[in-house]
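Peer 1: Here it is, the structure in full.
Rendered as structure tokens:
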């Protein structure tokens, strides 16, 4: 096939009806820019949602003892050996944390509430929400800290305050009932009230002493990429033989479903835009082809094969689509850049809190999305040109060249 | 170098002359016009030898263009055989006919039919590129030079006069060295001076290069330049002035 000839003809024909093609180009560019911007918004929401789950003590992977997830107790933990610590540090330095997490009842003079008591070593919590919260009073300084860090919302519900005493009631490592008084050292203000009601922090070793155990109940790994990686899972299985390894999606099926739904919504939106575009493209190309019916006839008279005429029409369509897609992507990218990469939803703070989203939504452009949009658009452009290409070819030679 | 080329072309011309280039054997073409059969060609038998300059004449509707279309593989005969350069093209599928049009036939149309987005030289190159050949620019320029069009080689068709466009069309038709040049009313859109120039050119190509030409025309000027005149009426050959 004389490809250079086809490219030359297609390229020149784009400028033949400059105004019509410009309108078509702008339509494609606007649609693609819209797709890119909405994609960035949905990707940002997805990322925020996933991040909020991952940093809320879930991590990407969580290692627990069998049965702990169904019935979390201090007795259903495991002892972290120096060898395991060495392997964790070698593979994911600074990205793992060992915690002791058990349900417990916290009681003030007026109220009591069921919460999760979380024993942490703050050095290992750089990636979790613990490192980001606003504080009143003191934080958990080290693994020996005995003063509690309680959420603001929980403090309000308990009608208690920083510096006051509360009583923690639960089961120790052997399943025996245990009760002890603690001082509230500080209060934290997190993104979303759920976290403030759900968690009470204490130093891990102090908690082990309280529960009379040497065990931890989980090791959490927080990586840079939230996608499931079988190699990581296999490494963890090798390090923690006999323990349960779960990905964040396993423990948060609702969030995982929501993330998948967003993915699907992006695809639906993209399909709708592309179908609308395809109609416009077909319409414009059919008009262009009908105007050039005689020209295509002449080319066939001179010996051009039907398939080559078909290729030429498809190539023209591909060029228009490609130019529109590149322009649209540039415009979409510029639009995202103009927002500074985030949209402040402060005016809808209550609504977004209910939806579990932060008040500032980040916009994220994913290179893979851009490549997919480019690829799918061009494929669709080529398919959309099949109708006009067929029409360019359907006449007999004598019909085509007749005046 | 150009002397060598001329020598080769003369040898080619001698080898070609006298060889049958087109044979129509009892060719008929029947169209259905609103259900009524119309016989455009009626058992036409015609032989054209290499190097001939044949002029098809006759009133409108006599079958001149139909004969050219069938000879050029643009239309199919309803009956009879069409043999082009020793190849029976009667029942060939469309893609093979397209290949034959590309490699063995040169077309010159009444309306020039140059591709408007290509320059003169690109229009000539078009044929060579379709054939997947090399050195297309040099060969196209050589052909335009032969037709005194090299100075206008980079102009688009819209920037050329009718006579100039027809020269480019002839250059396009001849650049691939076809065995037969078919010209349907080539002077219809030209003034008398441009027609005279065109005919001198065709005659020169026929004399010097042995290009076989069949042209359909109403124009007495064209008829005067042809060496053989075939008259058609109601789809039949009614008069043939004979060969060279």
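Chains as they are written, first to last, in this note's numbering: chain A, 2 to 404; chain B, 12 to 255. Just so it is clear, CB atoms sit at the ideal spot from N, CA and C, and this is done for glycine as well.
Quick one: what's residue 66 (chain B) bridged to in DSSP?
Peer 2: Beta-bridge pairing links residue 66 (chain B) to B:226 and B:240.
Peer 1: So, with DSSP's three-state summary, where would you put residue 75 (chain B)?
Peer 2: Note: residue 75 (chain B) maps to helix in three-state DSSP.
Peer 1: Cβ of residue 218 (chain B) less than 7 Å from any chain A Cβ?
Peer 2: It does not: the Cβ of residue 218 (chain B) has no partner Cβ on chain A nearer than 7 Å.
Peer 1: Could you spell out where the alpha helix (DSSP H) holding residue 35 (chain A) opens and where it closes?
Peer 2: Unbroken alpha helix (DSSP H) run through residue 35 (chain A): 19-54.
Peer 1: Does the beta-carbon of residue 282 (chain A) have 16 or more other beta-carbons within 10 angstroms, so that it is buried, or is it exposed?
Peer 2: The residue in question, residue 282 (chain A), is buried, as its Cβ has 16 or more Cβ neighbours within 10 Å.
Peer 1: Quick check on residue 382 (chain A) - is its C-beta less than 7 Å from some C-beta in chain B?
Peer 2: Taking Cβ atoms only, chain B never reaches closer than 7 Å to residue 382 (chain A), which makes this a no.
Peer 1: Assuming residue 99 (chain A) is part of the beta strand (DSSP E), what are its boundary residues?
Peer 2: From DSSP, the beta strand (DSSP E) with residue 99 (chain A) extends over 97-108.
Peer 1: Which partner residues does residue 121 (chain A) have in the DSSP bridge list?
Peer 2: A:204, per the DSSP bridge assignment.
Peer 1: Output, in sequence order along the chain, the residues in the segment 77-102 of chain B whose CB is closer than 7 Å to any CB in chain A.
Peer 2: Those residues of the segment 77-102 of chain B that come within reach of chain A (Cβ to Cβ, closer than 7 Å) are 80, 85 and 86.
Peer 1: Evaluate contact between the segment 125-134 of chain A and the segment 162-178 of chain A, counting only Cβ atoms and requiring at least three cross-stretch pairs below 8 Å.
Peer 2: Touching, no, given that fewer than three Cβ pairs across the two stretches are closer than 8 Å.
Peer 1: Between which two residues does the alpha helix (DSSP H) holding residue 218 (chain B) run?
Peer 2: Per DSSP, residue 218 (chain B) belongs to the alpha helix (DSSP H) from 203-220.
Peer 1: According to DSSP, is residue 195 (chain A) part of a helix, a strand, or is it coil?
Peer 2: Note: residue 195 (chain A) maps to helix in three-state DSSP.
Peer 1: Terminal residues of the continuous beta strand (DSSP E) containing residue 60 (chain B)?
Peer 2: Per DSSP, residue 60 (chain B) belongs to the beta strand (DSSP E) from 47-60.
Peer 1: Does DSSP put residue 309 (chain A) in a helix, a strand or coil?
Peer 2: Residue 309 (chain A) falls in the helix class under three-state DSSP.
Peer 1: For chain A, check one thing: does any of its Cβ atoms lie closer than 7 Å to the Cβ of residue 177 (chain B)?
Peer 2: So, not an interface residue.
Peer 1: What does a CB cutoff of less than 7 Å around residue 151 (chain A) pick up in its chain, not counting 5 residues either side in sequence?
Peer 2: The answer, listed in chain order, is 185, 188 and 201.
Peer 1: Which of helix, strand or coil does DSSP assign to residue 6 (chain A)?
Peer 2: Of the three classes helix, strand and coil, the one that applies to residue 6 (chain A) here is helix, per DSSP.
Peer 1: Specify, as a first and last residue, the run of the alpha helix (DSSP H) that residue 236 (chain A) falls within.
Peer 2: It spans 231-240 - the alpha helix (DSSP H) in which residue 236 (chain A) sits, taken as one unbroken run.
Peer 1: Measuring straight from C-alpha to C-alpha, what distance separates residue 234 (chain B) and residue 379 (chain A)?
Peer 2: The alpha-carbon atoms of residue 234 (chain B) and residue 379 (chain A) are separated by roughly 54 Å.
Peer 1: In terms of alpha-carbon separation, which member of B:76, B:87 and B:131 lies closest to residue 153 (chain B)?
Peer 2: Considering only alpha carbons, the answer is B:131.
Peer 1: Taking a cut of 7 Å between CB atoms, which residues from the segment 45-75 of chain B lie near chain A?
Peer 2: The residues in question: there are none.
Peer 1: Who are the near neighbours of residue 6 (chain A) in its chain, counting only those whose CB is closer than 6 Å to its CB and skipping five residues on each side?
Peer 2: Cβ neighbours of residue 6 (chain A) beyond the five flanking positions: none.
Peer 1: Sort A:78, A:273, A:377 and A:336 by Cα distance to residue 323 (chain A) and report the nearest one.
Peer 2: Per the Cα distances, A:377.
Peer 1: Could you tell me whether any Cβ in chain B is nearer than 7 Å to the Cβ of residue 21 (chain A)?
Peer 2: So no, residue 21 (chain A) is outside the interface.
Peer 1: Pick out the complete alpha helix (DSSP H) segments inside the segment 134-173 of chain B, 4 residues or longer, and give them in chain order.
Peer 2: Listed in chain order, the complete alpha helix (DSSP H) runs (minimum 4 residues) inside the segment 134-173 of chain B are 147-157.
Peer 1: Using CA atoms only, rank isn't needed, just tell me which of B:54, B:103 and B:224 is closest to residue 196 (chain B).
Peer 2: Nearest C-alpha to residue 196 (chain B): B:224.
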